[in-house]
Structures are given as structure tokens and as C-alpha cells.
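Residue numbers (the numbering used here), protein chains in the order written: chain A, 1 to 247; chain B, 1 to 247. For every residue, glycine included, the Cβ atom is placed at its ideal position computed from N, Cα and C.
2 protein chains.
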Amino acid sequence: MEKSKNRLEVCLSPAIYDKHADDHNLVVIVDILRATSSICAAMHNGVKSIFPVATVEEARAMKQQGYMVASERDGFVLDFADFGNSPFNFTPEIVKGKEIAYSTTNGTRCIHMASHSKSVLIGSFLNISALASWLIQQNAPVLIFCASWKDRFSLEDTVFAGALAERLLDSGKYESNCDAVTASLDLWSIAKNDLLGYIQKAAQKGRLASKGLDDCIEYCLTADQTTVVPLFREDKLIDISGIEKIN
Amino acid sequence: MEKSKNRLEVCLSPAIYDKHADDHNLVVIVDILRATSSICAAMHNGVKSIFPVATVEEARAMKQQGYMVASERDGFVLDFADFGNSPFNFTPEIVKGKEIAYSTTNGTRCIHMASHSKSVLIGSFLNISALASWLIQQNAPVLIFCASWKDRFSLEDTVFAGALAERLLDSGKYESNCDAVTASLDLWSIAKNDLLGYIQKAAQKGRLASKGLDDCIEYCLTADQTTVVPLFREDKLIDISGIEKIN
């Protein structure tokens with residue numbers, strides 16, 4: 001008997017998350033500019049674990065407990081923080097073997113919203129192939145969850161959702177009846193041949209550029225810079241790329 | 001001095017509406033399959049006014065007051081109703097000069113959510129040119145509000161948003177910094193050459209087909225079947241296509 005395929009969905013905004021929530025889901029959090037790209041870069045550079053925290057107060061408390069802290073609000077590094085949210089901050093010299101508290105409003109909120117699920121993972125172009133391979137091995141439904149910006153639709157997160165959805169559907173192990181998957185795939189098909197050029201249209205590109213924070217955009221759109229697969233477990237993100245299957 | 005352009009945004013789900021809400025907006029409600037298409041068809045066929053109601057109880061109460069009632073839940077016409085939600089129901093013989101109560105969960109909810117705005121209008125492919133022309137005359141920001149299906153993203157509503165956005169932007173009187181506008185335009189660019197073929201991919205197409213209710217899809221995707229411009233005012237929808245400018 002042919003094995004039935006697993007469900008694939010895309011959630012385009014945290015405001016819609018409860019319509020997609022399912023305890024059996026593997027949920028991939030996506031915040032391409034810049035949180036999930038930065039988390040992948042930090043893991044690639046040897047960080048031991050990352051504690052996502054939502055508020056400035058939590059970040060400050062973690063700092064007082066001795067953690068290194070990445071924290072930024074509206075493009076400005078907070079005074080007590082060790083660095084901001086650019087993936088270029090998390091160099092091996094600084095983060096290797098360390099535990100870091102990472103304050104990101106949207107990303108942390110999405111991770112905690114999805115924490116009832118089977119697993120919560122971190123996705124970006126930087127780890128797309130490793131993540132896709134890992135997901136395909138798991139034999140479980142996948143929800144790609146766009147963190148977006150203040151609950152609005154985000155172009156760069158949706159284009160990434162399309163790129164990841166394409167790989168999962170091409171494996172033959174998933175099926176979809178979700179319009180957001182269809183739209184993501186179609187936007188990715190338009191964007192893929194000139195991704196950097198396409199993302200010039202994104203509102204977040206303009207927000208970052210206005211603060212001089214857009215130097216990392218090309219890097220954040222570059223596939224397969226790392227093989228890490230960050231997973232959220234017991235309040236922190238760890239790399240589980242060496243572990244074939246989780247329960 | 002050059003006059004500044006008006007803001008154009010697209011809201012992809014009622015769950016995100018509060019991020020786009022602005023008292024100055026002209027809000028275009030979009031529920032292509034089938035509520036806003038049916039409203040345009042009914043107005044074209046001479047209905048005097050349409051009272052959108054959210055609940056079955058309200059629809060029943062309107063029936064007892066002597067109104068004709070269009071009401072359907074999950075594809076089944078309710079026993080006390082005169083007809084369901086297909087645009088083919090609202091023929092001139094039946095609706096001309098009448099006042100109708102129209103029960104549609106998503107559409108009514110969106111109309112009432114947006115009722116704080118400058119104006120609330122009804123959009124569909126059936127009246128797209130008349131609506132675009134009317135909007136362009138008004139000199140006010142426009143929000144295209146996709147009613148979607150149970151708060152999820154809807155392909156057919158988004159493709160219509162792109163079609164209308166294209167006309168407004170081509171007028172030179174609007175500008176956008178909204179990623180949902182960009183995505184809608186790009187999806188419309190893919191869909192426009194074979195709209196019926198493209199909408200075969202939409203989840204709502206499958207939902208209607210499974211109940212034999214998909215006979216109206218081609219009609220609902222056909223541009224410019226009418227010049228009506230339905231506007232919501234004082235609890236009811238009326239055609240204001242003869243009125244050049246409202247205050």
C-alpha cells in the first residue's frame with residue numbers, strides 16, 4: 001500500500017498562526033531579514049546555544065546572569081548588549097562555545113507560539129539544503145511559519161517559504177492544499193533567477209537601508225552557507241544537524 | 001507643486017486588518033468566490049439594496065420582517081432562505097427593486113470591521129473597471145481587503161487585489177510600500193493570461209467543486225460584466241456608480 005504524503009502548509013503572518021497550528025507539525029520559523037539568518041550564522045560559527053527572548057527586560061536579565069546578549073530595537077543596539085542583530089556580528093572569535101541570549105521580538109514570539117508543536121526549527125537561505133534534507137527524513141507534516149514584520153505580510157519570508165516548499169514537494173513526500181503554498185511557490189518562481197534584485201522591492205529592505213543596516217542582505221539571500229539545523233528545545237536553540245531523527 | 005500620491009495597501013486576511021486600518025481609507029472588500037461577485041451581480045440585476053448580515057439568526061429575523069434572504073452555510077441553502085450564495089441566483093425577475101438580506105460570514109465581518117473607514121466598497125472582477133475609475137476620482141488612500149476563507153490566505157482574492165492594484169498604480173495617482181501589493185501584482189502577472197486555469201489551483205475552487213457549486217467560477221473571473229459600484233452606508237449596500245464623488 002502506498003504511504004500517504006505529509007501535509008505542507010505556509011503561514012504568512014503570526015496573526016494567522018492559529019489557523020495552521022497542529023501539535024504534529026514540524027514548524028520552520030522564517031525571519032530572513034535578519035533573525036533566522038543570524039541564528040544560522042551564529043550556529044555555524046560555533047555558538048553552543050541561543051536563548052531567544054522576547055523583551056528587552058529579559059535580555060537585560062540574561063546579561064546580568066553572565067550571558068552574551070544580542071539585542072536591537074528598531075535598528076539600534078541596546079546599550080547593555082554585546083551586539084545587534086546582524087549575522088556579521090556572530091563571528092567565531094566571539095561566539096564559539098558560548099551561550100547567547102538573542103532578543104528578537106517577532107522571531108521569539110513565533111518560536112513560543114509554535115512551541116506546542118512536535119518540533120520548532122529555524123530556517124533561512126543559509127541552511128536551506130541541510131534543513132530540507134533533515135525535514136524530509138522526519139515523516140511528519142511541515143508548517144513554514146513566516147515571522148513577517150509586525151504581523152504584516154513579508155515578501156522575503158514568503159519567497160523563502162516558496163524555495164523551501166519547492167524542495168519538499170520535489171521530494172514526493174509532501175502534498176498541499178494550502179493557497180499560501182501555491183502563492184509562495186509562484187513568488188519564488190519569479191524571484192529565483194535574480195533574488196537580490198527581487199528583494200529590492202521588499203519593504204524591509206527599505207527599512208534596513210534607511211538605517212544603514214542593509215549590508216547583510218546579499219549574504220542573507222545566499223543559499224547553503226552552513227549545514228546547521230537549529231532546533232528549539234527546553235528554552236534554547238541547539239544545532240541538531242548531526243542527529244538523524246528526533247522523537 | 002506636485003500633488004503627493006495616495007497610499008495603496010493590500011490586506012491579505014481579516015486577521016491582519018488592524019495593521020492596515022485607517023479612518024481615511026477607501027476599503028474595497030474582496031470575496032471573489034462568491035460573496036462580492038454575487039453582490040455585484042445582484043446590483044447589476046436591479047436589487048434596490050442589500051443588507052449584509054453575519055449570522056443565521058439575523059438572516060432569519062430579516063426573513064420574518066419580510067425581506068428576501070440569501071443565506072448559505074458550507075454550501076447548503078438554509079431552509080428559510082430564498083436562495084444561496086451563487087451569483088446566478090440573483091436574476092432580474094427575482095431581485096429587481098427588492099431589498100435583500102445577504103448572510104455571508106466572511107464578507108459581512110469584513111464590511112463591519114472596515115466600517116470606521118471613509119468608505120467601504122465591494123469589489124469583484126465583474127465590476128473592476130467601474131470600481132477602479134470611481135476610486136481614482138476620489139483622491140484618498142485605498143486598502144484592498146481580501147476577505148479570505150476563515151482568516152487564511154486566499155489565492156483568488158489576492159489575484160484580484162493584484163488586478164485592481166495594477167489599474168490604480170497605472171493611473172499614476174497611487175504609491176505603495178506594502179509587500180502585499182508587490183506580491184499581489186506578481187501573482188496577477190502570472191495568473192492574468194489564463195485566469196481560469198490559474199484559479200484551478202485555489203483551495204476554494206476545490207471546496208466549491210466538492211459540493212457542485214463551482215459552476216459560477218468562470219463567471220466570477222470575467223471582467224466588466226457590470227458598472228455598479230456597491231457602497232456600504234447605514235447598514236446596507238447601495239449602488240453609487242451614478243455619484244461621482246462622495247464625502
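- Excluding five sequence positions before and after B:V27, the CB atoms of its chain that fall closer than 6 Å to its own CB belong to A114, S117, V120, L143, F145, given in chain order.
- Close to chain B, meaning a Cβ-Cβ distance shorter than 9 Å, are the following residues of the region 119-153 of chain A: S148, W149, K150, D151, R152, F153.
- Counting the other Cβ atoms within 10 Å of the Cβ of A:R7 gives 16 or more, which makes it buried.
- Listed in chain order, the non-local C-beta contacts of B:P92 below 6 Å within the same chain comprise N45, G46, local neighbours out to five positions each way being set aside.
- Under the three-state reduction of DSSP, B:V95 is assigned to helix.
- About 16 Å separates the CB atoms of A:D235 and A:M43; that is not less than 8 Å, and the two are not in contact.
- Of the other Cβ atoms in all chains shown, fewer than 16 fall within 10 Å of the Cβ of A:K211; this residue is therefore exposed.
- A distance of 8 Å or more separates the beta carbons of A:F153 and B:L221.
- Among the residues facing chain B, A:T226 is not included, as its CB has no counterpart in that chain under 8 Å away.
- Taking C-alpha positions only, B:W188 is separated from A:Q200 by approximately 19 Å.
- For the options B:G123, B:I217, B:E9, the alpha carbon positioned closest to that of B:V229 is the one of B:G123.
- Against B:G206, the close residues of chain A are N177, in the order they occur along the chain (beta-carbon pairs closer than 9 Å).
- Check the Cα spacing between B:K48 and each of B:S148, B:V95, B:E57: the tightest is with B:V95.
- At least 8 Å separates the beta-carbon of B:I32 from that of B:L237.
- Between A:I128 and A:A223 a beta carbon distance of about 5 Å is seen, short of the 8 Å cut, so the two are scored as contacting.
- Neighbours of B:T158 in chain A, taken as residues whose beta carbon is under 7 Å from its own, are A183 in chain order.
- Annotation: the continuous beta strand (DSSP E) that includes A:C11 extends over 6-11.
- A Cβ-Cβ distance of about 7 Å is found for the pair A:E9 and A:S176, placing them in contact under the 8 Å criterion.
- Using a CB distance cut-off of 8 Å, B:L26 does not count as an interface residue toward chain A.
- In the three-state reduction of the DSSP assignment, A:R233 falls in the strand class.
- Between the region 177-196 of chain A and the region 59-67 of chain A there are fewer than three inter-stretch CB-CB distances shorter than 8 Å, so the stretches are not counted as touching.
- B:S49 has a beta carbon lying at 8 Å or more from every beta carbon in chain A.
- Residue state for B:G46 is assigned as coil, using DSSP reduced to three classes.
- Under the Cβ criterion of 8 Å, A:D186 is counted among the residues facing chain B.
- Within a 10 Å sphere around the beta-carbon of A:S4 sit fewer than 16 other beta-carbons, which makes this residue exposed.
- Exclusion of the five residues before and after A:Y219 leaves P87 as the residues of its chain whose Cβ lies within less than 7 Å of its Cβ.
- In this structure, B:A183 lies away from B:V30, with their beta-carbon atoms at least 8 Å apart.
- Looking only at A:G107, A:L168, A:T108, the smallest Cα-Cα distance to A:L131 is reached by A:L168.
- Taking the Cα positions, A:D215 is about 21 Å away from A:A147.
- Separation of the CB atoms of B:K150 and A:K19 is rounded to 6 Å, and the pair is thereby assigned contact status at 8 Å.
- Straight-line spacing of the CA atoms in A:I111 and A:A21 works out to 12 Å.
- For B:V30, there is no enclosing alpha helix (DSSP H); the residue is found in the beta strand (DSSP E) stretching over 26-30.
- Cβ contact annotation for B:L196 (same chain, cutoff 6 Å, sequence separation greater than five): E218, L221, in chain order.
- When DSSP states are grouped into helix, strand and coil, A:A114 belongs to the coil group.
- By the 16-neighbour rule on beta-carbons within 10 angstroms, B:D194 is exposed.
- Nearest CB-CB separation between B:A41 and chain A: not below the 8 Å threshold.
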